[in-house]
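In full-length UniProt numbering, the protein residues as written are 1 to 455. A virtual CB, placed ideally from N, CA and C, is assigned to each residue, including glycine.
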């Protein structure tokens, strides 16, 4: 990936870091990982990635030697007759961790800490849904099993997120959660689950992300290319363009790889998977000053960074309430993913002037528009009166000084237009504001070789 100018921040190990059907006993498969701590250390020392994530779930397979221990300690959900609740939902004889038992929670957190000691930085909290509500007895017998069906996802993610906070600090804790319920937005972030590698599933993913954003979730991700199946190159490339404009971007699949050169074996042409992924990854790196400031606002105000439904930004526009195939990325960028191999796309622009990010063409809304795009562009429009701060051209890192060597673009701005400037730690640097004659009033916050461009 590095050789192809595709920056990667995190490497993820999915379920087979453990032995098959031992999920989730937190024991590395010794045949595949004879020395996991050293292997993770080498991966980071190579500078190919900065952080490592691993997969977990709240279950325990009967095949694992840890099963008997957990059962004997009362860490597993029981039936009303006192037997351990087991079923073959995902693996033979699977049991469920009873997080209403403080000792079970303490044990589970201890297992997580063991992963952190080996160099793991983040956790993918898979599953946690489909919790049974019949013939079950929780350790805390005062709890209604029907309510636990949803509340379990909250407990599960809360426990893992707080363990990450305890080890790495409140600003560094990140998990990838599949299940959620009311309140789980406090433990970011959630992703869209196991979608198929089809254009229909891609559209479904957009609708799912919009729905979650409207439910109060600031951050969201999706398996780029789809999880199930083998995406043809055109779907992969269209999904890359969409996925890199989500708050968090992840390449992930089930029975097929998601590295670009395995999809079309085209490392050379501008429209090949490798070049397309590189372009969108580098664009996201340039957008980080904007993304990070919008992320701060999302946390403070409880509004979604991405996917943000059009109706949140344009509630007085009746059309905006029916748009389920486009979204806002923050308050200034409009994104319309493409679901056709041909590149044909139709999208809606609300009232005002909108500038094409790639061509600087200006369109006026409200109205519907049709365009055709290659794989390295899509309808990405900048809202009028936007002060957009970008990293320097060719930026390959996502964490850098967001005030140094930047390009500040002024899109149809009037006096009073503003942009918030924050550093990579989330601390405010200052406000960039347009004053008289359309110029920035205070440029002292900018350092290095910066430039201001009127678009």
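Exercise. DSSP three-state call for residue 212: helix, strand or coil?
Worked result: helix
Exercise. When the distance is taken between beta carbons, is residue 411 closer than 9 Å to residue 387?
Worked result: yes
For this session: Might you give, ordered along the chain, the residues of its own chain that have their beta carbon closer than 6 Å to the beta carbon of residue 306, omitting 5 neighbours on each side?
Result: 246, 247 and 329
For this session: Count the other C-beta atoms from every protein chain shown that fall within 10 angstroms of the C-beta of residue 48, then say buried if there are 16 or more, exposed otherwise.
Result: exposed
Exercise. What three-state label does DSSP hand residue 371 in the structure shown?
Worked result: Residue 371: strand per DSSP, three-state reduction.
For this session: Answer yes or no: do residue 220 and residue 192 have a C-beta to C-beta separation smaller than 9 Å?
Result: yes
Exercise. Using CA coordinates, which residue listed in 257, 190 and 273 is at the minimum distance from residue 264?
Worked result: 273
For this session: Starting from the Cα of residue 99, find the closest Cα among 81, 77 and 89 and give me that residue.
Result: With distances taken between Cα atoms, residue 99 lies closest to 77.
Problem set entry | Segments assigned alpha helix (DSSP H), at least 4 residues, entirely inside the region 8–67 | 36–45
Problem set entry | C-alpha gap between residue 249 and residue 81, whole angstroms | Residue 249 and residue 81 have their C-alpha atoms some 46 Å from each other.
For this session: Going by CA-CA distance only, name the one from 353, 362, 142 and 344 that's closest to residue 370.
Result: 344
Exercise. Rounded C-beta distance between residue 156 and residue 231? I'm assuming under 8 Å.
Worked result: About 30 Å; that fails the 8 Å criterion.
Exercise. Apart from the five residues on each side of it in sequence, which residues of its chain come closer than 6 Å, Cβ to Cβ, to residue 448?
Worked result: 404 and 405
For this session: To the nearest angstrom, report how far apart residue 414 and residue 256 are at their CA atoms.
Result: 50 Å
For this session: With a floor of 3 residues, list each beta strand (DSSP E) that falls wholly inside the region 288–330, ordered by position along the chain.
Result: 327–329
Exercise. Starting from residue 166 and walking both ways along the alpha helix (DSSP H), at which residues does that stretch end?
Worked result: 145–168
For this session: Give the straight-line distance between the Cα atoms of residue 209 and residue 228, rounded to the nearest whole angstrom.
Result: 18 Å
For this session: Check whether the Cβ atoms of residue 55 and residue 17 lie closer than 9 Å to each other.
Result: Going by C-beta atoms, residue 55 is nearer than 9 Å to residue 17.
Exercise. Beta carbon of residue 331, beta carbon of residue 308: below 9 Å?
Worked result: yes
Problem set entry | Beta-carbon proximity of residue 389 to residue 333, cut-off 9 Å | no
For this session: Would you list the one or two residues that DSSP bridges to residue 176?
Result: Residue 176 pairs with 124.
Exercise. Mind checking whether residue 398 and residue 284 have CB atoms under 9 Å apart?
Worked result: yes
Exercise. Where DSSP assigns a beta bridge to residue 454, which residues make up the other side?
Worked result: 410
Problem set entry | Sequence-distant residues of its chain with Cβ nearer than 8 Å to residue 107 (five each side left out) | The residues are 70, 73 and 75.
For this session: Determine, using beta carbons only, whether residue 109 and residue 40 come nearer to each other than 9 Å.
Result: no
For this session: Please go through the same chain and pick out, in chain order, the residues whose beta-carbon is closer than 7 Å to the beta-carbon of residue 91, but skip the five residues on each side of it.
Result: 21, 23 and 61
Problem set entry | alpha helix (DSSP H) segments (min. 4 residues) lying fully within the region 70–135 | 102–117
Exercise. Under three-state DSSP, which class holds residue 434?
Worked result: strand
Exercise. Which residue comes first and which comes last in the alpha helix (DSSP H) that contains residue 236?
Worked result: Its alpha helix (DSSP H) spans residues 233–243.
For this session: Please classify residue 279: is it buried, with 16 or more other beta-carbons within 10 angstroms of its beta-carbon, or exposed?
Result: With 16 or more other Cβ atoms within 10 Å, it is buried.
Problem set entry | Selection from 65, 378, 170 and 310 that minimises the alpha carbon distance to residue 207 | 310
Problem set entry | Assigned exposure category for residue 122 - 16 Cβ within 10 Å defines buried | buried
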